[in-house]
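Since the structure comes first, as structure tokens, the remarks are kept for the end.
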Amino acid sequence: MSPEVEVEVDVHTHLGEHGTHVHAPLAEHEIRAWGRVSWDVTTQEHAAAANSARTSIVLAFDAEPVGVVVPNDYVAAAVAGQDRLIGFASVNPNRPDAAARLETAVRDLGLRGLKLGPTYQHFHPHDRACLDLLEVADHYRLPVIWHQGTTFTSAAIAEYARPVQLDLAARTFPNLPMWIAHFGHPWMAECVATARRHEHFFIDVSALDTRPWQLAQALAAAYEYRIMDRILFGSDYPFSTVERTVAGLRRAAALCRRLGIAEVTDDDVDAICRRDALSRLGLRPPAPQAT
Ligand SMILES: [Zn+2]
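In this note's numbering, the protein residues as written are 676 to 966.
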């Protein structure tokens, strides 16, 4: 870990190479929205970037409807023997064998959480198929990360993207830790209002370092609703980095203070960076590397 960065757990990092795992239409829409392809990272590049945090969660992504499949076995191979990495599975609940796929990912591949993105995977969070898959996650105590917010690709279904749509899942599975990525942007207040209702519901700050006004509003909302302790650190690597995310949090906290909207301090930012997200999510640290 570099001396100036003290990040305990980065709960949100991606693998996936352009052309192998990330295809059209999403790859084309990345160029339209950003002028470049960002989702293109090797396992070696990912492992090097992950040195900036003590532990990083690495996400598979089963989102064929938008052209992305980062397979569970690929993530499992990338995290095997790595003492800083924890792999999460991803399964589209619309797959007829969704439950069996998740069970395989846990039992045979050793993956330890579930990534869902209803807007990308084309299901509504109230769908029976979704609730059935969450039952499997609940059985195996797999924390669930939701991409519940907007996205640049028009191949996603926008009406499945609202944070409040997760209240049913949170009520139905009160012992299953879950969190919304990216503060549910641009619905940060709705995300905070949803998370606030449930002790087992968290939020990650990833991919907002380039949106200082949104991040300041998000932190102010969490401050006002008194759930600063449920904010988790996430970078969304390769879309951002640990270092840029820490800097973005400090800038947004300063903006909150300058505007007089919330007294978010540097100590609050340090607390987000140093939070023991693994224990909050019911996860054990990665096993030490075999020697
Ligand atoms: Zn992400």
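We treat Cβ as the ideally placed atom computed from N, Cα and C, and that holds for glycine.
Contact test: residue i Cβ vs ligand 1 heavy atom, cutoff 6 Å
| i | result |
| --- | --- |
| Asp616 | In the structure as shown, the chain starts at 676 and stops at 966, and residue 616 therefore has no counterpart that could be examined. |
| Asp911 | yes |
Per DSSP, the bridge partner or partners of residue i
| i | result |
| --- | --- |
| Asp879 | Leu907 |
| Val743 | Val697, Ala738 |
| Ile761 | Ile732 |
| Gly691 | Val716 |
| Met853 | Val819, Phe876 |
| Asp685 | Ser731 |
| Tyr912 | Thr688 |
| Leu789 | Ala764, Val819 |
Contact under 7 Å by Cβ, residue i with residue j
| i | j | result |
| --- | --- | --- |
| Phe736 | Asn769 | no |
| Val733 | Leu690 | yes |
| Val917 | Ala723 | no |
| Val712 | Leu953 | no |
| Asp884 | Arg932 | no |
| Pro818 | Gly788 | yes |
| Ile820 | Trp854 | yes |
| Leu786 | Asp748 | no |
| Ala882 | Ser829 | no |
| His801 | Leu843 | yes |
| Asp864 | Ala896 | Per the sequence presented here, residue 864 reads as Ala, with Asp not at that position. It is a contact, given that the beta carbons lie within the stated cut-off. |
| Trp714 | Val697 | yes |
| Thr826 | Thr794 | yes |
| Ile906 | Ile878 | yes |
| Ala845 | His687 | no |
| Glu898 | Ala836 | Per the sequence presented here, residue 898 reads as Tyr, with Glu not at that position. Taking 7 Å as the Cβ cut-off, Tyr898 and Ala836 do not qualify as a contacting pair. |
| Gln823 | Leu841 | yes |
| Leu890 | Val939 | no |
| Asp672 | Pro961 | No statement about residue 672 is possible, as the shown extent of the chain runs from 676 to 966 and does not include it. |
Given 8 Å, three or more beta-carbon pairs between the segment 860-869 and the segment 909-916: Not touching, per the Cβ criterion.
Three CB pairs or more closer than 8 Å across the segment 804-823 and the segment 777-784: These segments touch.
Segment contact, 8 Å Cβ cut-off, at least three pairs: the segment 750-765 with the segment 941-948: No contact exists between the segment 750-765 and the segment 941-948.
Stretch-stretch touch, CB-based, cutoff 8 Å, three pairs: the segment 919-926 with the segment 699-718: No, the segment 919-926 is not in contact with the segment 699-718.
Segment contact, 8 Å Cβ cut-off, at least three pairs: the segment 853-861 with the segment 737-746: As far as the Cβ criterion goes, the segment 853-861 does not touch the segment 737-746, which means the pair count is below three.
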